[in-house]
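First the structure, in the form of structure tokens, and then the observations on it.
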Amino acid sequence: MRAIVATAEGPSWTERREVPPPAPAANEALIAVRAFAVNRGELTLVRRRDGWQPGQDVAGEVIQPAADGTGPQAGERVAGLAEWHGWAEQTVVPSHRLATIPADVDFERAAALPMAGTTAANLVRGGGSLLGARVLITGASGGVGHLAVQLAALGGAHVCAVARAERADALRGFGAHEVVADPSETEGPFELVLESAGGASLDAALARVAPGGTVLLFGNSSREPSTIDFTAFFGHEEATVRSYFSARHEADAGRLLAMLLDLLAGGRLEVEIGFRASWDRLNEAMDGLSERRFAGKAVLTVD
102 MRAIVATAEG PSWTERREVP PPAPAANEAL IAVRAFAVNR GELTLVRRRD
152 GWQPGQDVAG EVIQPAADGT GPQAGERVAG LAEWHGWAEQ TVVPSHRLAT
202 IPADVDFERA AALPMAGTTA ANLVRGGGSL LGARVLITGA SGGVGHLAVQ
252 LAALGGAHVC AVARAERADA LRGFGAHEVV ADPSETEGPF ELVLESAGGA
302 SLDAALARVA PGGTVLLFGN SSREPSTIDF TAFFGHEEAT VRSYFSARHE
352 ADAGRLLAML LDLLAGGRLE VEIGFRASWD RLNEAMDGLS ERRFAGKAVL
402 TVD
């Protein structure tokens, strides 16, 4: 079986090698992978782990259903969140992290949803009822951000997206009411802040959270520290600051993914794919993602 393997010591990100086929556990289905997506967090891991088989976001067909009788059956088209080893001709996925793909959704769009989509859904749910609420989303052009914009808007929120000026039209098309280049350009207050940039962006976002509001941290793309002290919350009393880590939410992955795929099939959600190609071009996709040459997701098809 062919699979992608990290080459931390080499000039490229990865290479394709022959590896033994996976052996599913009782609660895992064996999947023939037709497409997979790259998450930004995987870029760092690939550079650190020579010989490692990466990949979580996959879409394909069930070859062998889970032995414990749970999950989709043989032949069904599915998307899922693998534990890793997903960038391969075959992989295994726990049945509770799988969802059946609706007939009118292709493998590529389905593969773009598992990690980014479930993260966006959990972040938006973390703000409670959003009907009439004001929501600030930094990193709104990213794989998580553009989905969070749409889900918050679907929930009835007034969404302010932080992104480059050239992305304003696309984000308004996704449901954003305002698009600014920096959180400091908006006044607030915001009942919910989804923050992924860190540094000065986080400082500005904290200055705009409503009293009793919520700030959810899910990244630090700037790699800059932020300064937080008690006095920063004068005027923002009782605001909550929480971190979000996807690994703590894997139990709901399949259910949330099924909801997202239904929204996609119904035309109520759009997943933006900035790079779409054969897995022969994986290293090119990872270069582009690292250098922010495109917005949205990078999706590769397995030939």
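Each residue of the sequence shown is one higher than the last, beginning at 102 in the numbering used here.
Backbone N, C-alpha and C define an ideal beta-carbon position, used for all residues, glycine too.
Would you call the CB atoms of residue i and residue j closer than 9 Å?
| i | j | result |
| --- | --- | --- |
| Ala133 | Ile105 | no |
| Pro155 | Gly181 | no |
| Val236 | Phe319 | no |
| Ala311 | Ala340 | yes |
| Ala298 | Thr220 | no |
| Thr201 | Glu177 | yes |
| Ala160 | Glu119 | no |
| Arg268 | Ser242 | yes |
| Gly313 | Glu296 | no |
| Arg103 | Ala212 | no |
| Val294 | Val280 | no |
| Leu248 | Leu358 | no |
| Ser327 | Gly289 | no |
| His259 | Ala234 | yes |
| Leu406 | Arg349 | Residue coverage of the chain in this structure runs from 102 to 404, which leaves residue 406 outside it and unanswerable. |
| Ala167 | Ala127 | yes |
Following a CB-centred definition, is residue i positioned closer than 8 Å to any heavy atom of the ligand FMN?
| i | result |
| --- | --- |
| Asn128 | Judged by which ligands are present, the structure shown has none, so any question about the ligand FMN falls away. |
Out of the options, which one is the CA nearest neighbour of residue i?
| i | options | result |
| --- | --- | --- |
| Ser113 | Gly314, Met102, Pro121 and Arg149 | Arg149 |
| Ala308 | Gly243, Ala359, Gly336 and Glu209 | Gly336 |
| Ala183 | Leu357, Glu129 and Ile329 | Glu129 |
| Leu131 | Glu209, Leu232, Val194 and Phe376 | Val194 |
| Leu401 | Leu224, Glu119 and Val139 | Val139 |
| Asp169 | Ser196, Arg141 and Val147 | Ser196 |
| Gly367 | Asp205, Ala399 and Pro173 | Asp205 |
| Ala399 | Ala253, Val280 and Gly244 | Gly244 |
| Glu116 | Glu392, Leu317, Arg393 and Met387 | Met387 |
| Gly397 | Val372, Thr328 and Glu385 | Val372 |
| Ala354 | Ala222, Arg135 and Glu110 | Ala222 |
| Ala306 | Asp270, Val263, Ser347 and Asn384 | Val263 |
| Thr192 | Ala333, Ala217 and Arg135 | Arg135 |
| Arg226 | Leu252, Asp207 and Gly233 | Leu252 |
| Arg324 | Phe331, Asp330, Ala333 and Leu303 | Leu303 |
| Thr108 | Asp404, Arg394 and Leu383 | Leu383 |
| Leu362 | Glu392, Pro203, Gln174 and Asp151 | Pro203 |
| Val403 | Leu364, Gly152, Gly187 and Pro166 | Gly187 |
| Asp158 | Gly152, Ala167, Glu143 and Pro166 | Glu143 |
| Gly375 | Gly389, Leu365, Leu364 and Phe346 | Gly389 |
| Gly228 | Val342, Gly172 and Thr287 | Val342 |
| Arg393 | Phe275, Arg141 and Gly111 | Arg141 |
| Arg377 | Asp151, Asp207 and Ala271 | Asp207 |
| Ser347 | Thr171, Leu224, Trp380 and Glu110 | Leu224 |
| Ser391 | Trp380, Ser322, Glu162 and Gly152 | Ser322 |
| Ala271 | Thr332, Gly246, Pro122 and Thr287 | Gly246 |
Going by DSSP, name the residue or residues bridged to residue i.
| i | result |
| --- | --- |
| Thr171 | The partner list for Thr171 (beta bridge, DSSP) is empty, contrary to what the question assumes. |
| Gln191 | Ala133 |
| Asp404 | The partner list for Asp404 (beta bridge, DSSP) is empty, contrary to what the question assumes. |
| Gln165 | Leu131 |
| Ile105 | Arg117 |
| Arg178 | Glu162 |
| Thr201 | Val179 |
| Glu296 | Leu318 |
| Ala138 | Asp158 and Val400 |
Residue range of the beta strand (DSSP E) that residue i falls in?
| i | result |
| --- | --- |
| Phe208 | Run containing Phe208: none in the beta strand (DSSP E); it sits in the alpha helix (DSSP H), Phe208 to Ala212. |
| Gly289 | Looking at the DSSP string, Gly289 is not in any beta strand (DSSP E), and its letter there is neither H nor E. |
| Arg118 | Thr115 to Glu119 |
| Glu110 | Per DSSP, Glu110 belongs to no beta strand (DSSP E) and is neither H nor E. |
| Glu279 | Glu279 to Val281 |
In terms of residues, what are the limits of the alpha helix (DSSP H) holding residue i?
| i | result |
| --- | --- |
| Glu143 | Arg141 to Arg149 |
| Thr126 | Per the sequence shown, residue 126 should be read as Ala rather than Thr. Per DSSP, Ala126 belongs to no alpha helix (DSSP H) and is neither H nor E. |
| Leu224 | Pro215 to Arg226 |
* Asked: Quick one: complete alpha helix (DSSP H) runs, 4+ long, within the stretch 299 to 344?
  -> Within the stretch 299 to 344, the alpha helix (DSSP H) runs of at least 4 residues that lie entirely inside it are, in chain order, 301 to 307.
* What are the start and end residues of each continuous alpha helix (DSSP H) run of 4 or more residues lying completely inside the stretch 233 to 269, in chain order? -> Unbroken alpha helix (DSSP H) runs of no fewer than 4 residues, entirely contained in the stretch 233 to 269, are found at 246 to 255, following chain order.
* To do: At 3 residues or longer, and completely inside the stretch 341 to 396: list those beta strand (DSSP E) runs for me, N to C.
  => If we require 3 residues or more, the beta strand (DSSP E) runs fully inside the stretch 341 to 396 come out as 341 to 344 and 374 to 379.
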